[in-house]
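Letter by letter, the sequence shown follows residues 220 to 364 in the working numbering.
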Amino acid sequence: IVNNDPELAATVQAKGVHVGQGDLPPEDVRRIVGPTCEIGLSITHLSQLASLAKMTKGLVNCLGIGPVYDARKTKPDAAHEMGLSGLREIVAHSPEFRNVAIGGITIDHAAEVLAAGAQGLAIVSALSQAEDPCAAAQAFRRCFI
220 IVNNDPELAA
230 TVQAKGVHVG
240 QGDLPPEDVR
250 RIVGPTCEIG
260 LSITHLSQLA
270 SLAKMTKGLV
280 NCLGIGPVYD
290 ARKTKPDAAH
300 EMGLSGLREI
310 VAHSPEFRNV
320 AIGGITIDHA
330 AEVLAAGAQG
340 LAIVSALSQA
350 EDPCAAAQAF
360 RRCFI
């Protein structure tokens, strides 16, 4: 999945591309990446689901919900954390979408994020800043087995 670069996603024939609320609108992303590339869209607040209801069915395939926890250490302009309650609320109101939780997720609370309804985890600093990134990735993988 390519983050925020539909042109690159199209060029490398990526399986998917993820965009945020302030990036290109999903309609424009779809024109760039074509019909088979999946599009993920960040949702930082429940109110943003209203715009999804107006979109053509199938335009967005997956939601990146968060930040669940404070993500401003690695992304200074990140929205405020929504916590597990915010994650649960968005998941409950968007059952038609696959989802991935994002934002400040560590192995210490991965299980509770999944229990709150996340189907996947988008992880950056817990891997990139790990002493042993391979071991960290394996620990996260075990959350799904």
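Here a beta-carbon is modelled for each residue, glycine too, at the ideal position from N, C-alpha and C.
Going by CA-CA distance only, name the one from the options that's closest to residue i.
i, options, result
"ALA228", "PRO245, ILE251, ASP247", "ILE251"
"THR293", "ASP242, GLU331, GLY322, GLN240", "GLY322"
"PRO245", "SER344, LYS273, GLY305", "LYS273"
"GLN338", "PHE359, PRO352, LYS234", "PHE359"
"VAL310", "VAL343, ALA349, ALA335", "ALA335"
"LEU374", "ASP224, ILE364, CYS353", "The displayed coordinates of the chain run from 220 to 364. Any statement about residue 374 would go beyond what the structure contains."
"GLY259", "ILE284, GLU350, SER266", "ILE284"
"SER261", "LEU278, ALA356, GLY241", "GLY241"
"ASP247", "CYS362, SER270, SER266, LEU278", "LEU278"
Please report the distance separating the alpha-carbon of residue i from that of residue j.
i, j, result
"PHE316", "VAL231", "25 Å"
"ARG307", "GLU226", "33 Å"
"ALA369", "VAL332", "No information on residue 369 is available, as it lies outside the stretch 220 to 364 that the chain covers here."
"ALA290", "GLY253", "31 Å"
"GLY239", "GLY305", "18 Å"
"SER347", "ASP296", "19 Å"
"GLN357", "THR255", "30 Å"
"ARG318", "LEU340", "For the sequence presented, residue 318 should be read as Asn rather than Arg. Computed Cα separation, rounded: 9 Å."
Can you find the residues in the same chain that come closer than 7 Å, C-beta to C-beta, to residue i, ignoring five residues on each side of it along the sequence?
i, result
"SER313", "LEU268, LEU282"
"ALA298", "THR263, PRO286"
"GLU257", "LYS234, GLY235, ASN280, CYS281"
"ILE342", "ILE324, PHE359"
"ASP362", "Position check: residue 362 holds Cys in this sequence, whereas Asp was assumed. Hits under 7 Å: ALA329, ALA330, LEU333."
"PRO352", "LEU346"
"LEU271", "VAL279"
Near residue i, which residues of its chain fall below 6 Å by C-beta distance, leaving aside the five closest residues on each side in sequence?
i, result
"GLU300", "PRO286, TYR288, ASP289"
"ASN222", "HIS237"
"ALA349", "ALA355"
"ILE220", "GLY235, HIS237"
Can you name, in chain order, every residue of its own chain whose Cβ lies under 8 Å from the Cβ of residue i, other than the five neighbours on each side?
i, result
"GLY302", "VAL287, TYR288"
"ALA345", "ILE324, THR325, ILE326, ALA355, PHE359"
"LEU265", "GLY305, GLU308, ILE309, HIS312"
TODO: Could you name each continuous alpha helix (DSSP H) segment of 4 residues or more that falls completely within the region 300-334, going from the start of the chain to the end?
DONE: Within the region 300-334, the complete alpha helix (DSSP H) runs of at least 4 residues are 302-311, 329-334.
Open item on the list: To test your reading of the DSSP string, which unbroken beta strand (DSSP E) runs of 3 or more residues are found completely within the region 227-253?
Closed with: The region 227-253 contains these whole beta strand (DSSP E) runs: 235-238.
Task: Uninterrupted beta strand (DSSP E) stretches inside the region 257-290 (no shorter than 3 residues) - done: DSSP runs (the beta strand (DSSP E)) wholly in the region 257-290: 257-262, 281-284.
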